[in-house]
Amino acid sequence: MSTIAFIGLGNMGGPMAANLVGAGHTVRVFDLNPAAVSQLTEQGAIGCKTSCGAVAGAEVVITMLPAGKHVRSLYLGDDGFINKVGSGTLLIDCSTIDSASAVAVAEAAAAQGFEFVDAPVSGGTAGAAGGTLTFICGGTEAGFGAAKPILEGMGANIFHAGGHGAGQVAKICNNMLLSILMIGTSEALQLGRDHGLDAAVLSEIMKVSSGGNWTLEKYNPCPGVMPATPASNDYQGGFMVDLMAKDLSLAMMAAGDSHSSTPLGALATAMYRQHARQGNGSLDFSSIFNQFQK
Ligand code: NAD
Numbered sequence: 002m003s004t005i006a007f008i009g010l011g012n013m014g015g016p017m018a019a020n021l022v023g024a025g026h027t028v029r030v031f032d033l034n035p036a037a038v039s040q041l042t043e044q045g046a047i048g049c050k051t052s053c054g055a056v057a058g059a060e061v062v063i064t065m066l067p068a069g070k071h072v073r074s075l076y077l078g079d080d081g082f083i084n085k086v087g088s089g090t091l092l093i094d095c096s097t098i099d100s101a102s103a104v105a106v107a108e109a110a111a112a113q114g115f116e117f118v119d120a121p122v123s124g125g126t127a128g129a130a131g132g133t134l135t136f137i138c139g140g141t142e143a144g145f146g147a148a149k150p151i152l153e154g155m156g157a158n159i160f161h162a163g164g165h166g167a168g169q170v171a172k173i174c175n176n177m178l179l180s181i182l183m184i185g186t187s188e189a190l191q192l193g194r195d196h197g198l199d200a201a202v203l204s205e206i207m208k209v210s211s212g213g214n215w216t217l218e219k220y221n222p223c224p225g226v227m228p229a230t231p232a233s234n235d236y237q238g239g240f241m242v243d244l245m246a247k248d249l250s251l252a253m254m255a256a257g258d259s260h261s262s263t264p265l266g267a268l269a270t271a272m273y274r275q276h277a278r279q280g281n282g283s284l285d286f287s288s289i290f291n292q293f294q295k
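According to the numbering used here, the stretch in the sequence shown is residues 2 to 295, in order.
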């Protein structure tokens, strides 16, 4: 078992840190929100007053933060973790951020002799709570090999996508495709409804036909078709529109860097941004279905 510093105890990080405590690790936690620290302390973690206090003496540092600027500010610079942690400390960032920031931190870490792994996740808050997340890692073979047994305490599937930043690239490719599938499924379901079809019947047909996809199997956007989905719960819970819009912005940034052609990704980005601007940012991303209502 390891001594792990866990920084960023939000919707995802809180339950992930709790699972590491449950797996038997010593977990030192910090968040800017003291209530989040208290909650973890009650679950057996050691609460710390600063991020540097949390990483002192840790064998592994894990961060779960909103965006690249937060990750850069905590790892880099004179006061950054890279200058504060002991030799041999393994650094893992599970946030969804731009791959350029992940590579910048990895290069600074490597210059000081540390392994840094970008390990964004898929599976949402339910996966974080249930310890069933998918981790999509970028880093060296040695870094991935060291990170895997730790990540297994929080997830069910651990992938090595490639070198530094590859985890972030794979994550945004997946989410760009997911957004396109969600929009396309919504559009097709509403077309059927506009012609008098029952959305549940049409979903059953398409699910086993050539239009079948994950959103039809697991996450139908039409209310009432699947009882356990956010769509059947006023689009509450699940994966927020704001977060999908953020991931799509990262995808568009990556596409710009590589001069890739992503016309459907660009359209999905515009649609999710518009949906968020209309006040739907905190709804589940399947609420894009409402854009197709008459
Ligand atoms: P969140 O906003 O709930 O949590 C982020 C936490 O980081 C907050 O508690 C905040 O106080 C803390 N924080 C920010 N700056 C800090 C600092 N300098 N020091 C210490 N703590 C700091 O966000 P979340 O939903 O937990 O998401 C975290 C990351 O996971 C994001 O990058 C997000 O894109 C990604 N993600 C989220 C989901 C999801 O369904 N929520 C799914 C997959 C990936």
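Built from N, CA and C at the ideal position, the CB exists for glycine as well.
Given the structure is predicted, the values throughout are model-derived calculations rather than measurements.
(request) Determine, using beta carbons only, whether I72 and V28 come nearer to each other than 8 Å. (result) Taking the sequence shown and counting its residues from 1, the one referred to as residue 72 is at position 71. Taking the sequence shown and counting its residues from 1, the one referred to as residue 28 is at position 27. According to the sequence shown, residue 72 is Val rather than Ile. Their beta carbons are not under 8 Å apart, which means V72 does not touch V28 by this criterion.
(request) Report the residue from M13, D79, K85 whose alpha carbon sits nearest the alpha carbon of V56. (result) Reading the sequence shown from its first residue, position 55 is the one you call residue 56. Of the listed residues, the one whose Cα sits closest to V56 is K85.
(request) List the DSSP bridge partners of I159. (result) Counting from one through the sequence shown, the residue named residue 159 turns up at place 158. I159 pairs with F136.
(request) Give a yes or no on contact between the segment 50–68 and the segment 88–102, applying the rule of three or more CB pairs nearer than 8 Å. (result) Contact between the segment 50–68 and the segment 88–102 is present: three or more C-beta pairs spanning the two stretches fall below 8 Å.
(message) Any heavy atom of the ligand NAD closer than 7 Å to the beta-carbon of L10?
(response) To locate residue 10, count along the sequence shown from 1; it is residue 9. L10 Cβ: within cutoff of the ligand NAD.
(request) Could you please give me the residues that DSSP links to F145 through a beta bridge? (result) Along the sequence shown, one-based indexing puts residue 145 at 144. For F145, which the question treats as bridged, DSSP gives no partner whatsoever.
(request) Pull up the distance between the alpha-carbon of G139 and that of S39, whole angstroms please. (result) By 1-based counting over the sequence shown, the position of residue 139 is 138. By 1-based counting over the sequence shown, the position of residue 39 is 38. Taking the CA atoms as reference points, G139 sits about 32 Å from S39.
(message) Once DSSP output is grouped into helix, strand and coil, what is the label at I47?
(response) Residue 47 sits at position 46 when you count from the first residue of the sequence shown. Reduced to three states, the DSSP call for I47 is strand.
(request) State buried or exposed for M2, treating a residue as buried only when at least 16 other CB atoms are found within 10 Å of its CB. (result) Locating residue 2 in the sequence shown gives position 1, where the first residue counts as 1. Exposed is the call here.
(message) For a minimum of 3 consecutive residues, which ranges assigned as the beta strand (DSSP E) are wholly contained in the segment 151–222?
(response) Under the rule that a run must span 3 or more residues, the beta strand (DSSP E) segments found entirely inside the segment 151–222 read 156–163.
(message) Between the alpha carbons of G48 and G185, how many angstroms are there, rounded?
(response) Along the sequence shown, one-based indexing puts residue 48 at 47. Along the sequence shown, one-based indexing puts residue 185 at 184. Rounded to the nearest angstrom, the two C-alpha atoms are 45 Å apart.
(request) Kindly examine the ligand NAD and report whether one of its heavy atoms sits closer than 7 Å to the Cβ of V226. (result) Along the sequence shown, one-based indexing puts residue 226 at 225. No.
(message) So within the segment 44–89, which uninterrupted beta strand (DSSP E) runs reach at least 3 residues, ignoring any that extend past its ends?
(response) The DSSP assignment places 61–64 as complete runs of the beta strand (DSSP E) inside the segment 44–89, in order along the chain (cut-off: 3 residues).
(request) Determine contact between the segment 140–160 and the segment 187–205, defined as no fewer than three beta-carbon pairs at a distance below 8 Å. (result) no
(request) Can you grab the Cα-Cα spacing for the pair L284 / L268, in whole Å? (result) Residue numbering aside, residue 284 sits at position 283 when the sequence shown is read from its first letter. Residue numbering aside, residue 268 sits at position 267 when the sequence shown is read from its first letter. Each residue's alpha carbon lies about 20 Å from the other.
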